[in-house]
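Convert by adding 4 to the 1-based position in the sequence shown; the result is the number in my numbering.
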Amino acid sequence: MRRIFKEPGITPEEIHDRIVGGHIHNTLVFLQYFVPLPSSLITLFLILLGLGGIIVWLPFWIPVFIVYVIFVMSDWFLLKKLPEKRISFAPVIPPLMIFATARVIVILTCGILPFDWSVRILAMGIIQMFMTICEVWGMVFEPFQIKVTHIEISSEKLQSSVKPVKILHISDIHIERITKREEDIVRLTNELNPDLIVLTGDFINFSYVKDTLAMKDVQRFLNQLYAPCGMYAVRGTFFVDLPSVIPKLLEDTHVVLLEKEYRKISCNGHTFYIAGLPCNKHPDSDRPELKELLAQIPCDHFVLLLYHSPDLFPDAAGKVDLYLGGHTHGGQVCIPGIGPLTTSSMYGRKYYAGKYTENGTIAYISRGLGMEGLGAPRIRFFCPPELVMISLGG
């Protein structure tokens, strides 16, 4: 398998230094060590992995192993084509390892089912094919199925005699390169014609935080957006939106970066405040910063807080009127009727996506637009990317 794509400028050691805890991230860090390995070692590992899965299929081990090879090769071909077709830009090997391991688990599970061999083989083949269909949908199609969520919010602190303010909330764009998704975001933004745009962090994909082309693409993307009452943003996850990168990157755009700051906004006859707080390593270090920031804002005005993660919502509840965030990607991979199995929030699934109300404060946590970086497959499943259009009035 010829290596056709490597992640630029980031090593497992650097990743480990930036990431604190989390079994998902730790797994992705481990998989990063496979990226520079020669193709011969990767191929040998995949063969041994497959042979380990057929130990319960000894009467039929040859056809089962052939099925495994065919599906792993189809995974490799799909992953190889994604950057070539400018769909997404993950490295090939780590996602391939994830998919191959999942296929071996299916082979082992079907091999020990208490049914006739013919039923086991049929079940194994159907599940393997279903996995391929899910991969294609989740990596090729769903990441481009942008949904616009419309919500209406009213407050006695705002004028009822003038038209509402249209606020477009954009989160977690995680740009690797400009793709059709970013082009569609620009098109939809122009169609929605917002008065105000707010961005709640994670501008660049984690795999590309040092990549100059990704930075230029972020600038090009942002400079195609416009709102007459302004564009305001906060930095996202501390190891994604680096303090040494994002402020300089946004200098050449129309976006106002709020670094523990607030602005008084006058828009459509309404007057309110936007406060923004960047994410640090842990919410514990941001709580006193939030308290200090909010203490500066007049309490008789409507206050909109921008913070990348939902993890400060319980602390902000009752102190601001509207809390906008992202970070969770809505789980990114969801099971119908169940939702995400896990999220990157310290509260797990409690605030994984959507609208929440606590102590008079409304929060909206966006599913975001981009996807996890490192060796994670660039996949969304039953969790399409989201733009949030808020109608804010009296």
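Glycine is no exception: its CB is placed at the ideal position from the N, C-alpha and C atoms.
Could you tell me whether the Cβ atoms of residue i and residue j are closer together than 8 Å?
i      : j      : result
Tyr277 : Leu308 : yes
Val244 : Ile301 : no
Leu373 : Ile189 : yes
Ile394 : Ile155 : yes
Cys283 : Phe242 : yes
Gly334 : His312 : no
Ile182 : Asp221 : yes
Ala94  : Val76  : no
Pro98  : Val39  : yes
Gly56  : Tyr72  : no
Leu310 : Leu297 : no
Leu326 : Ile366 : yes
Arg90  : Pro389 : no
Phe317 : Tyr266 : no
Pro340 : Phe386 : yes
Ile102 : Pro381 : yes
Give the straight-line distance between the Cα atoms of residue i and residue j, rounded to the nearest whole angstrom.
i      : j      : result
Lys84  : Val96  : 6 Å
Gly25  : Tyr351 : Confidence is the limiting factor: at Gly25 the pLDDT is only 47, short of 50, which leaves the residue's position unreliable, though a coordinate-based value still follows. Rounded to whole angstroms, Gly25 to Tyr351 spans 15 Å at the Cα level.
Ser80  : Cys138 : According to the sequence shown, residue 80 is Trp rather than Ser. So the two alpha carbons sit approximately 15 Å from each other.
Leu53  : Val60  : 14 Å
Thr153 : Pro67  : 48 Å
Phe34  : Ser175 : 27 Å
Asp290 : Asn363 : 20 Å
Glu18  : Met219 : Its pLDDT being 46, under 50, Glu18 is placed unreliably in this model, and the coordinates cannot settle the point.
Ile111 : Arg239 : 44 Å
Tyr230 : Glu293 : 30 Å
Ile70  : Leu48  : 15 Å
Ile8   : Leu262 : Low confidence applies here, because Ile8 scores a pLDDT of 32, under 50, leaving its location unreliable and the question unanswered by this model.
Pro314 : Ser349 : 7 Å
Val337 : Gly379 : 15 Å
Ser44  : Glu88  : 23 Å
Lys264 : Lys323 : 16 Å
Leu396 : Ile157 : 5 Å
Met133 : Ile74  : 11 Å
Ile109 : Ile116 : 11 Å
Which whole-angstrom value describes the C-beta separation of residue i and residue j, a residue pair presumed to lie in contact below a C-beta threshold of 8 Å?
i      : j      : result
Ile150 : Leu203 : No, Ile150 and Leu203 are not in contact; Cβ-Cβ is about 15 Å, not under 8 Å.
Leu246 : Val213 : 6 Å
Gly377 : Ile369 : With a Cβ gap of about 20 Å, Gly377 and Ile369 do not count as contacting.
Met143 : Ile342 : Not a contact, Cβ separation roughly 21 Å.
Asp199 : Cys233 : 5 Å
Met135 : Ala106 : 7 Å
Val392 : His173 : 4 Å
Gly398 : Ser159 : 7 Å
Trp121 : Pro63  : 7 Å
Can you check DSSP and say which residues form a bridge with residue i?
i      : result
Arg267 : Ile278
Ser158 : Gly397
Gly343 : Ile339
Leu246 : Answer is none; Leu246 lacks a bridge partner.
Please confirm whether any heavy atom of the ligand SAM lies closer than 7 Å to the CB of residue i.
i      : result
Tyr230 : This structure lacks the ligand SAM, and indeed carries no ligand of any kind.
What ranges does the alpha helix (DSSP H) occupy inside the region 136 to 220, keeping only unbroken runs of at least 4 residues that lie completely in it? Segments of the alpha helix (DSSP H) lying fully in the region 136 to 220: 184 to 196.
So within the region 276 to 333, which uninterrupted beta strand (DSSP E) runs reach at least 3 residues, ignoring any that extend past its ends? Complete beta strand (DSSP E) runs here, min 3: 306 to 311, 326 to 329.
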